[in-house]
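Mapping of the sequence shown onto the numbering used here: position 90 corresponds to residue 100, and the numbering continues sequentially without gaps.
Let me begin by presenting the structure, written as structure tokens, before commenting on it.
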Amino acid sequence: MGRKIFVSYKYADSQVQGLPEAWLGTTARHYVNRLSEALETQDHIYKGEDDGQSLADFREDTITSKLREKIFDSTVTIVLISKGMKAWFQSENDQWIPWEVAYSLRQKSREGRSSTPNALIGVVLPDEAGSHTYFIEDEACPWCKCRYFKTDFLFSILKNNTFNSKQPSLLACEAHTLGGRVYQGLHSYMHIVKWSDFMADIATHLAIAQVIRDAADGYDICKQVA
Numbered sequence: 011m012g013r014k015i016f017v018s019y020k021y022a023d024s025q026v027q028g029l030p031e032a033w034l035g036t037t038a039r040h041y042v043n044r045l046s047e048a049l050e051t052q053d054h055i056y057k058g059e060d061d062g063q064s065l066a067d068f069r070e071d072t073i074t075s076k077l078r079e080k081i082f083d084s085t086v087t088i089v090l091i092s093k094g095m096k097a098w099f100q101s102e103n104d105q106w107i108p109w110e111v112a113y114s115l116r117q118k119s120r121e122g123r124s125s126t127p128n129a130l131i132g133v134v135l136p137d138e139a140g141s142h143t144y145f146i147e148d149e150a151c152p153w154c155k156c157r158y159f160k161t162d163f164l165f166s167i168l169k170n171n172t173f174n175s176k177q178p179s180l181l182a183c184e185a186h187t188l189g190g191r192v193y194q195g196l197h198s199y200m201h202i203v204k205w206s207d208f209m210a211d212i213a214t215h216l217a218i219a220q221v222i223r224d225a226a227d228g229y230d231i232c233k234q235v236a
């Protein structure tokens, strides 16, 4: 039996690389369609925000009821990280992605059944120029050639689920003289991967996220919207 995967994304974000099939303009939703096609033979996809409905007038219990049916039975949450995913001048409480992630990471009960926190994957979409540098800098360090994640770009709940291993493995590097820390291994509860790499080997990245989920006690998991 396949997994049930919940996909959280900013449906109308057009700051993404164009896809051939979206000749009227590509948005993050077109990438969700591609993901659904890639997984439809083995897994079940549940989509997040799809109508841009504002949360400003909703109470938390109302938001929870809207998410319950979509997320309760899922075991993996994929967040499509895109350049325009955040409304910078709007409270995170009034945006869908933080609530979708928060609910998927909480232990939930329904009709006598409970679910454990989902595995969490951040799939980074290329921007209009096909670049990921709005979030990822490859070979950012001149000494160790490490990859740098610009976590301040993320919603707080996503940022707080990166580099949150309770016992991280740190690499010795000249960058330490500049006050930096270089993490190795599975250092974050949210497994981060570029779109092209994820699509090239979906099974491996889902397996990595599952390994992290199985070791959830080793991470300080953030489950609250800022």
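C-beta: ideal position from N, C-alpha, C; glycine also.
Buried or exposed for residue i, please, with buried defined as at least 16 other CB atoms from any protein chain shown within 10 angstroms of its CB.
i	result
Phe-159	buried
Arg-44	exposed
Ala-112	buried
Gln-100	exposed
Gln-105	buried
Glu-110	buried
Asp-224	exposed
For the alpha helix (DSSP H) that contains residue i, what are its first and last residues?
i	result
Ile-107	106-115
Ser-206	205-210
Arg-191	First-last for Arg-191: undefined, no H or E at that position.
Ser-166	166-169
Arg-44	38-49
Bridge partners of residue i, per DSSP?
i	result
Ser-18	Val-89
Phe-159	Ile-146
Tyr-229	Ser-175
Ile-202	Gly-132
Leu-180	Tyr-193
First and last residue of the beta strand (DSSP E) that includes residue i?
i	result
His-197	Element bounds for His-197: n/a, residue is neither H nor E.
Ala-129	129-134
Starting from the Cα of residue i, find the closest Cα among the options and give me that residue.
i	options	result
Ile-167	Val-26, Glu-47 and Ser-114	Ser-114
Tyr-144	Leu-29, Glu-110 and Leu-164	Leu-164
Ser-198	Asp-230, Asp-207, Ala-217 and Ser-141	Asp-230
Glu-138	Ile-15, Val-26 and Ile-202	Val-26
Lys-155	Leu-181, Val-133, Thr-172 and Ile-81	Leu-181
Gly-28	Thr-85, Arg-157, Val-86 and Leu-135	Leu-135
His-142	Gln-105, Arg-157 and Pro-152	Arg-157
Leu-77	Arg-116, Ile-131 and Ala-97	Arg-116
Asp-23	Lys-204, Pro-178, Tyr-193 and Ala-97	Ala-97
Cys-232	Cys-151, Ala-129 and Gln-220	Ala-129
Lys-80	Asp-148, Ile-15, Ala-150 and Pro-152	Ile-15
His-215	Thr-126, Asp-104, Ser-75 and Leu-196	Leu-196
Ala-219	Asp-207, Ala-48, Ala-150 and Ile-202	Ile-202
Phe-208	Asn-103, Arg-13 and Gly-132	Gly-132
Gly-94	Arg-13, Tyr-21 and Met-200	Tyr-21
Pro-152	Cys-183, Ser-179, Gly-140 and Pro-127	Cys-183
Quiz item: If you pair each beta-carbon of the region 26-40 with each one of the region 79-93, do three or more pairs fall below 8 Å?
Solution: Between the region 26-40 and the region 79-93, the count of Cβ pairs shorter than 8 Å is three or higher; the stretches touch.
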